[in-house]
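Here the structure comes first, spelled out in structure tokens, and everything after it is commentary.
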Amino acid sequence: MTGRRLASGGSRIDRARPISVRFDGRDLEAFEGDTFASALLANGVVGGFRSPILGRPRGIVSAGAEEPNAFVAVLEPWTDVIVPATLMSAVDGLVAESRPGVGTLVETADRREPRRQHRHVETLVVGGGIAGRAAAVEAAARGDRVLLVDEGAVIDDPPTGDDVTVLPNATALGVYDAGYVVIHERTPDLERVWHVRARNVVLATGTLERPIAFAGNDVPGVMLAGSVAAYVERFGVGPGERAAVFATNDWGLGVAEVLAAAGVEVVRTIDARAGERVVAADGDGALERIVVLDAAGREGSFEADLLAVSGGWNPNLTLWRSIGGDLTYDAARSCFVPRSGPGSGPAWLSVAGAAAGEVPESEPLWVVAEGEDADKFVDLQRDQTVADVAAALGRGLRSVEHVKRATYIGTAVDQGRTSGVLAAEIVNHLLGEDPGAQGPSGARPPYAPVSFAALAGPFAGDRFDPARTTPMHAWHLEHGAAFEDTGQWKRPRYFAPGGEPLEEAVERECLAVRNAVGAMDASTLGKIEVVGPDAPAFLDRMYTNRMSNLAVGSIRYGVMLGLDGMVWDDGVAMRVAEDRYYVTTTSGGAANVLDRFEEWLQTEWPDLRVFCTSVTEQRAVVAMNGPRARDVLAAVGTDVDLSSETFPFMTFRDGTLAGVPARLARVSFSGELAYELHVSSWHGLAVWEAVLAAGEPFGIRPYGLEAMDVLRAEKGFFIVGQETDGTVTPADLGMDWIVNPSKGDFLGRRSLRRSDLVRPDRKQLVGLLPEDPAALLPEGAQLVLEDTGRIPMPMSGFVTSSYRSPALDRTFALGLLEAGHAMHGRTVYAPLPEGTIAAKVIPPAFYDPEGERRDG
Amino acid sequence: MTARRPLAGLAADLARLDAEELPFLVQLDVRIGTGAATTLGFPLDAMGFPLEPNTTASTSWRDTLWLGPDEWLVVAESDQPELLAEQLEEELGRALARVHHSIVDVSAARAILDLRGPARLERLAIACPLDLHPRSWGPGRCAQTVFGAAPVLLHERPDATRVFVRPSFAGYVIALLDSPV
Chain A
313 MTGRRLASGG SRIDRARPIS VRFDGRDLEA FEGDTFASAL LANGVVGGFR
363 SPILGRPRGI VSAGAEEPNA FVAVLEPWTD VIVPATLMSA VDGLVAESRP
413 GVGTLVETAD RREPRRQHRH VETLVVGGGI AGRAAAVEAA ARGDRVLLVD
463 EGAVIDDPPT GDDVTVLPNA TALGVYDAGY VVIHERTPDL ERVWHVRARN
513 VVLATGTLER PIAFAGNDVP GVMLAGSVAA YVERFGVGPG ERAAVFATND
563 WGLGVAEVLA AAGVEVVRTI DARAGERVVA ADGDGALERI VVLDAAGREG
613 SFEADLLAVS GGWNPNLTLW RSIGGDLTYD AARSCFVPRS GPGSGPAWLS
663 VAGAAAGEVP ESEPLWVVAE GEDADKFVDL QRDQTVADVA AALGRGLRSV
713 EHVKRATYIG TAVDQGRTSG VLAAEIVNHL LGEDPGAQGP SGARPPYAPV
763 SFAALAGPFA GDRFDPARTT PMHAWHLEHG AAFEDTGQWK RPRYFAPGGE
813 PLEEAVEREC LAVRNAVGAM DASTLGKIEV VGPDAPAFLD RMYTNRMSNL
863 AVGSIRYGVM LGLDGMVWDD GVAMRVAEDR YYVTTTSGGA ANVLDRFEEW
913 LQTEWPDLRV FCTSVTEQRA VVAMNGPRAR DVLAAVGTDV DLSSETFPFM
963 TFRDGTLAGV PARLARVSFS GELAYELHVS SWHGLAVWEA VLAAGEPFGI
1013 RPYGLEAMDV LRAEKGFFIV GQETDGTVTP ADLGMDWIVN PSKGDFLGRR
1063 SLRRSDLVRP DRKQLVGLLP EDPAALLPEG AQLVLEDTGR IPMPMSGFVT
1113 SSYRSPALDR TFALGLLEAG HAMHGRTVYA PLPEGTIAAK VIPPAFYDPE
1163 GERRDG
Chain X
37 MTARRPLAGL AADLARLDAE ELPFLVQLDV RIGTGAATTL GFPLDAMGFP
87 LEPNTTASTS WRDTLWLGPD EWLVVAESDQ PELLAEQLEE ELGRALARVH
137 HSIVDVSAAR AILDLRGPAR LERLAIACPL DLHPRSWGPG RCAQTVFGAA
187 PVLLHERPDA TRVFVRPSFA GYVIALLDSP V
């Protein structure tokens, strides 16, 4: 192959700056300013690509985003899975490989760490051609902030101004409601996604030249005429040496003059308006011969290596249509143009220039009658021909939408930029309809392929999702905590400073709480201040039990239901003053509970004088559990009288602890004597350290979620989301006592009376003691009443929590079992691949069922 | 016993970002029934509660940030923040006694950092969807918004953007601020 760089010309290249690029292992010489496609053509690479399905030789067709063939993967100096060579700048040292319209994941990391930027402007212009630049200048003149983007590497004569930003190499991927536009900027040095909010959006997206379906129209060397001119004028490249031009319009035919002026021999022009047409293009891997019918129907053939084709011009309206813009058919130009007026596109969106329909007049010619339909390609990326469209119609399909789905025309990487309108017109033609009877199939974002990495931008790795940490987190890290994710929170699961296994650490932590004392970081508890004269009435409506008669200084446990009557969240309410409660929620439910409070206050009961404020992060919490808890508190130092007589269970006291203000609350999730220590999160770490230091002589240990789980399960305390799954009522949990049906209305009350929620055979919470005290039931194991040995068996329930209990010196579990409350004493079975585990059903209270340990 | 700065572990990152932590400021969340100013003629602006949305009112020692139609954040500096918080609570409580209100000490509920440098707003625009251009943002403005997945409160000051963030989100916010612009 010979080089095809012309002796002169090329507005975009700098002939003084030669560069070298590599394509499929071959070194190519080029100039700065070349696209990768112009570099290929300059080196005589006419074919070089393959079609994805049929494996036919393919070459560069276009000079822009409509390119259906010339896709490459970039390997160096950055990485890209698949990009059109026509839009990619050639830089020195670039290494790329051809791709058949299908990318392959590149394993190496991209040197361009993807970025992200928000931007607000009054006017966003998409497209940097004449119309786009004019719109930008006009907007800047009226004082707008302006952003002008173009998918090409160069925007000629760019507008300037203090508040004017011009972004080449930037593709508008999607236009969304209220002027939100997502833009993908991609250069050799950086990749960035812009999230733009614009008051006005101008689509100056230009026009795309249309191919004509004739036999052999996919042979390398058959190109779009306007693109041929672009290669000559911008890059000083003659894509062929013996050229022919086949066009339905003056612009297309004019390319013959461009070629001739550049010194390329033009052997023939074929004017479709005069009845002339190309009936075949042939060549072995590249164009060699063209067969033509003249106006009188006489066939002739001649040699050529370049055929420039122009079937007319389609305004590029993908973005317009994707946000609800309609099309109308312009018969003079044989193309679809935007329909203006009500109901067509949003008011803030306008279309300018060629995209608005300012394109040359053209004869309608979509498909040449002569030749085999199976050789006339419609969608080069999907290898679909006129015969395939005819076959779809033959199966009874009539809508272009159905034809699209039957053939996949327009669904490939190039999004059907050359094939969409062509396919629609061929459908019209084959159905005997007028041109424009049906328009192209619908358009959706993204306008061009974009990688997930680019869209994610900086939200990757540690920045993918916040990892929320408590004020004591640094201590946990230093003391061998293994962490568990609770929502976004990182919480210690257990402490293994010597790298002990989980079982060993949990046993040690459980025994410390049962026999001495343990401390847990409970800072993640949701906390809300509920303030106002109507706070008591409000909380009565949110919880199933009464909160309005709670005494100041006292604490009450409460459950919240969904409107369906199912357990939704739980926690305690502390009455701080007549008009002030301090409410705790589950760690994962904190935001949802506050949202629910606000929703009911703002939408249903605006008459209630109540304000809710999140104080989750205001206060750190140390939960101290165990018979020596009171001794530890005394050793830490507090001005609160700790005796059970003056400070009984389910009350709280405000005072000082270790010299800082603290709220001490006697609530217990373990059944042991317990205090929750609520302090300013500024002091969280110091109080935590003070408690552990003062507790040392008493055998204190920090404990994590796993031990907390064992301890609460030994007492039969449920956890929202573990024993409940949105189908469990308080009665199912054996907690009818928490529901006060006589106090007035509360959320979920009405549902509790539905017949299905009072059925005696509902799944109910039970305790399970495996007959083999060493056998551990897997959580989630199904329970059956009779182990028939034949699968399937009727399933009566499942295991919700299961642990080894150091205090009981055996395994135990909680489960939901049909009619479970009436099943105490029965044996149920968990058939498992490794053998069946039999377990006795008992009430869900394994340890200290009389509650004698809570006062120490 | 010493209080711990919420951003104590992030000092090196803050320095790299030309940011500075302002630890231990007093922050009070003040809610006032929406009818107070309009119906009852309560002189909220004279009391230092700005009524124009997303603006702040400042005196030499305290800022009041508009957070919502019935919500403000009072921010003040003191060597003895816990004492000042109590005093302020009492003082405001007295002043607002005749209207439905709530005052909650949230001093430790948000860490505070001042972002400096001319590129700070561009850096925030990595993940903050608000328009931070001088046309709609500048000294005296405040806004509750997000920075990526973290809720933040921004207060633009003459030489810095003050960022209020829940301490648990601080590591995430600073890592995101530190991503390439």
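Taken in order, these protein sequences are the chains called A and X.
No gaps in the numbering here: position 189 of the first sequence is 501 in the numbering used here, and each next residue is one more.
No gaps in the numbering here: position 168 of the second sequence is 204 in the numbering used here, and each next residue is one more.
We put the beta carbon where it would ideally sit given N, CA and C, even for glycine.
CB-CB under 6 Å to V140 of chain X, same chain, minus the five flanking residues each way: which ones, in chain order? Apart from sequence neighbours up to five positions away, the residues of its chain that approach V140 of chain X with a beta-carbon distance below 6 Å are D65, ordered along the chain.
In chain X, what lies closer than 8 Å to R775 of chain A by C-beta? Contacts between R775 of chain A and chain X, judged by CB atoms closer than 8 Å, involve G184, Y208, A211, L212, S215 in chain order.
Using a 10 Å radius around the Cβ and a threshold of 16 neighbouring Cβ atoms, would you call V199 of chain X buried or exposed? V199 of chain X is buried by the Cβ-count criterion.
Chain-ordered chain X contacts of A786 of chain A [CB-CB under 7 Å]: Within chain X, the residues near A786 of chain A are G45.
Just to check my reading of the structure: L166 of chain X and T181 of chain X have Cβ atoms closer than 8 Å, yes? What is that Cβ distance to the nearest angstrom? About 5 Å; that satisfies the 8 Å criterion.
7 Å Cβ cutoff, P187 of chain X in contact with chain A: The beta carbon of P187 of chain X does not come within 7 Å of any beta carbon belonging to chain A, so the residue lies off that interface.
Please state whether DSSP places M313 of chain A in a helix, a strand or coil. Because M313 of chain A sits at a pLDDT of 38, beneath the cut-off of 50, its placement in the model cannot be relied upon, and the following sentence gives the value as read from the coordinates. M313 of chain A carries a coil assignment under DSSP once its states are collapsed to helix, strand and coil.
Starting from H430 of chain A, find everything on chain X with Cβ-Cβ shorter than 9 Å and list it in chain order. Neighbours of H430 of chain A in chain X, taken as residues whose beta carbon is under 9 Å from its own, are L160, A161, I162, A163, C164, P165, L166, D167, L168 in chain order.
By DSSP's criteria, Q63 of chain X is part of a beta bridge. Which residues make up the other side? Q63 of chain X is bridged to X:V111.
Own chain, CB closer than 6 Å to G376 of chain A, minus 5 neighbours either side, in chain order: Residues T398 of the same chain have their beta carbon placed closer than 6 Å to that of G376 of chain A, with the five preceding and five following residues left out of the count.
Please work out which residues of its chain come closer than 6 Å, Cβ to Cβ, to E107 of chain X, disregarding the five sequence neighbours upstream and downstream, and give them in chain order. For E107 of chain X, where only same-chain residues beyond five positions count, the Cβ hits under 6 Å are R67.
L989 of chain A and L997 of chain A closer than 7 Å at C-beta: It is not a contact, given that the beta carbons lie outside the stated cut-off.
Output, in chain order, the set of chain A residues within a Cβ distance shorter than 8 Å of A145 of chain X. Within chain A, the C-beta atoms nearer than 8 Å to that of A145 of chain X come from S926, V927, T928, E929, Q930, S993, in chain order.
Assuming A145 of chain X and E929 of chain A are in contact, meaning their beta carbons sit under 8 Å apart, how far apart are those beta carbons, in whole angstroms? Taking a contact as a CB-CB distance under 8 Å, the pair A145 of chain X and E929 of chain A counts as one, their CB atoms being some 5 Å apart.
Under 8 Å by Cβ, that's how I've got G870 of chain A and D882 of chain A pegged, so tell me the actual separation to the nearest angstrom. Here G870 of chain A really is in contact with D882 of chain A; their C-beta atoms are around 7 Å apart, less than 8 Å.
What are the residues of the segment 406-434 of chain A that lie near chain X, defined by any Cβ-Cβ distance shorter than 8 Å? Those would be E425, R427, R428, Q429, H430, R431, H432, in chain order.
Can you look up K1027 of chain A in the DSSP assignment and give me helix, strand or coil? Looking at K1027 of chain A - three-state DSSP - the assignment turns out to be coil, as it is neither helix nor strand.
Taking 6 Å as the limit between beta carbons, can you name the residues of its chain near L1064 of chain A, skipping five residues before and five after? Contacts found: G877.
Sorted by chain position, which residues of the same chain lie with C-beta nearer than 7 Å to E737 of chain A's C-beta, five sequence neighbours on each side aside? Beyond the five residues adjoining it in sequence on each side, E737 of chain A comes within less than 7 Å, by CB distance, of W678, P747 in the same chain, given in chain order.
So L1023 of chain A packs on I1012 of chain A, CB below 8 Å; how close in whole Å? Actually they do not touch by this definition, with Cβ atoms about 15 Å apart.
Beta-carbon contacts of P1014 of chain A that lie in its chain and below 6 Å, excluding the five residues immediately before and after: Annotation for P1014 of chain A: F807, A831 place their beta carbon closer than 6 Å to its own, counting only its chain and skipping 5 residues before and after.
Inter-residue spacing [alpha-carbon to alpha-carbon] between G455 of chain A and V403 of chain A: Cα to Cα, the separation comes out at about 37 Å.
Buried versus exposed call for A572 of chain A [16 or more other C-beta atoms within 10 Å across all chains shown]: A572 of chain A is exposed by the Cβ-count criterion.
For L80 of chain X, which residues of its own chain have a beta-carbon under 8 Å away from its beta-carbon, when the five flanking residues on both sides are left out? Leaving aside the five residues that flank L80 of chain X on each side, the residues in its chain whose CB is nearer than 8 Å to its CB run, in chain order, I68, A72, A73, L87.
Using a Cβ-Cβ distance cut-off of 7 Å, determine whether V110 of chain X contacts chain A. Using beta-carbon distances, V110 of chain X does not count as an interface residue toward chain A, since no partner is under 7 Å.
Is it true that the segment 641-655 of chain A meets the segment 469-480 of chain A, where meeting means three or more beta-carbon pairs spaced less than 8 Å apart? Short answer: they don't touch.
Spell out whether any CB of chain C is found under 7 Å from the CB atom of P778 of chain A. Chain labels in this structure do not include chain C; the protein chains are A and X.
Where does E569 of chain A fall in DSSP's three states? Collapsing the DSSP output to three states places E569 of chain A in a helix.
May I ask you to report which of helix, strand or coil DSSP gives V449 of chain A? If DSSP states are grouped into helix, strand and coil, V449 of chain A belongs with the helices.
Report, in whole angstroms, the separation of the C-beta atoms of Q1076 of chain A and L1129 of chain A, which I expect to be a contact under 8 Å. The beta-carbon distance between Q1076 of chain A and L1129 of chain A, rounded to whole angstroms, is 6 Å. This is short enough to meet the 8 Å contact definition.
Judging by CA-CA distance, which residue of A:G595, A:E611, A:V578 is the nearest neighbour of R258 of chain A? Because chain A is modelled from 313 through 1168, residue 258 of chain A falls outside the range shown and cannot be assessed.
According to DSSP, is F348 of chain A part of a helix, a strand, or is it coil? Under the three-state reduction of DSSP, F348 of chain A is assigned to helix.
Comparing alpha-carbon positions, which option in A:P1145, A:M1135, A:E1001, A:G1147 lies nearest P1155 of chain A? Looking at A:P1145, A:M1135, A:E1001, A:G1147, the one whose alpha-carbon comes closest to that of P1155 of chain A is A:M1135.
Residue range of the unbroken alpha helix (DSSP H) whose run includes P848 of chain A: First-last of the alpha helix (DSSP H) with P848 of chain A: 847-854.
Where R327 of chain A falls, given that 16 or more other Cβ within 10 Å makes a residue buried: R327 of chain A is exposed by the Cβ-count criterion.
Where the segment 842-855 of chain A meets chain X: residues whose CB sits under 7 Å from a CB there: Taking 7 Å as the Cβ-Cβ cut-off, the segment 842-855 of chain A approaches chain X at V843, G844, given in chain order.
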